[in-house]
Amino acid sequence: MYQLKKKKIEKLEKSYDFSSFEFQMKVLSQVLLQ
């Protein structure tokens, strides 16, 4: 049970990392375009 929870949390962290990376790229491109 605990193992399953841990895997779900890891999945969430990975998707969060990806979205934050995507967000950083968007901000960076906006800064570069100005």
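Letter by letter, the sequence shown follows residues 1 to 34 in UniProt numbering.
Beta carbons are placed, not taken as given, at the ideal position from N, Cα and C, and that holds for glycine.
Is residue i helix, strand or coil when you go by DSSP?
i: Gln34; result: coil
Taking the alpha-carbon positions, what's the residue i to residue j distance?
i: Ile9; j: Ser20; result: 16 Å
i: Leu32; j: Lys26; result: 10 Å
i: Lys7; j: Lys14; result: 11 Å
i: Gln3; j: Glu22; result: 29 Å
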